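Undergrad: Structure below; questions to follow.
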Amino acid sequence: MPRLIIGDETRRSRHPALVTELANELRANRRCGQPIIHEQRFPRTDVIRTTVIWDQWDGIEENERVDVILQAYEDAEGKAFRDRVMLAIGLTTPEARDAGLLPVQVTAAVRSSDPVSVEDCQQAMIDVGASTLES
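So for the sequence shown, this note's numbering puts the first residue at 347; every next one is plus one.
Right under this line is the structure:
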């Protein structure tokens, strides 16, 4: 079987604005909103698996998503931390839902007597991280 070896040099992302935004999110560690950053750490091997659920991935190829994630980790945490990331996955909210990573859906139940509209509720959900992509 052929052995294909790809260089071990760090590839620079073609999406520097996304790298900066994600690195800032990694530093901020917010309680809600997008992106949702799920890290699983394996103490025995000292490696990390990370999944970044973010609607900003829409239209970005999978390999480019990985490049953004790895570069953002390097910018936010340093190269040594980035080298511990063994698996990086970037998914949009609909992709994460389809993969079973988001098993619940939140919808607004607004009565005609309520002081808010459905649109107000939808905007409030978007403000705290709801997806604006297909539902």
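From the three backbone atoms N, C-alpha and C, an ideal C-beta is built for every residue, glycine too. Keep in mind it's a predicted model, so treat the numbers as computed, not measured.
Roughly how many angstroms separate the alpha carbons of Trp400 and Thr439, rounded to a whole number?
TA: Taking the straight line from one Cα to the other gives about 6 Å.
Undergrad: I'd like the list of long-range same chain contacts for Glu410, defined as Cβ closer than 8 Å, with 5 residues on each side in sequence excluded.
TA: So the qualifying residues of the chain are Ser359, Arg360 and His361.
Undergrad: Got a sec? Which residues, its chain only, sit under 6 Å from Val398 by beta carbon, not counting five neighbours each side?
TA: So the list reads Pro381, Ile383, Ile415 and Gly436, once near-sequence residues are dropped.
Undergrad: With DSSP run on the structure shown, which of helix, strand or coil describes Thr397?
TA: Reduced to three states, the DSSP call for Thr397 is strand.
Undergrad: What are the residues that DSSP puts in a beta bridge with Phe388?
TA: BP columns for Phe388 point to Val393.
Undergrad: As a quick exercise: from Gln469, Ser477, Ala418 and Val456, pick the residue whose alpha carbon is nearest that of Val450.
TA: Closest option to Val450, Cα to Cα, is Ser477.
Undergrad: Could you check if Glu371 is buried or exposed, using at least 16 other CB atoms within 10 Å of its CB as the buried criterion?
TA: Buried.
Undergrad: Can at least three beta-carbon pairs, one atom from the stretch 413-433 and one from the stretch 363-379, be found at a separation below 8 Å?
TA: With the cut-off at 8 Å, the stretch 413-433 and the stretch 363-379 touch.
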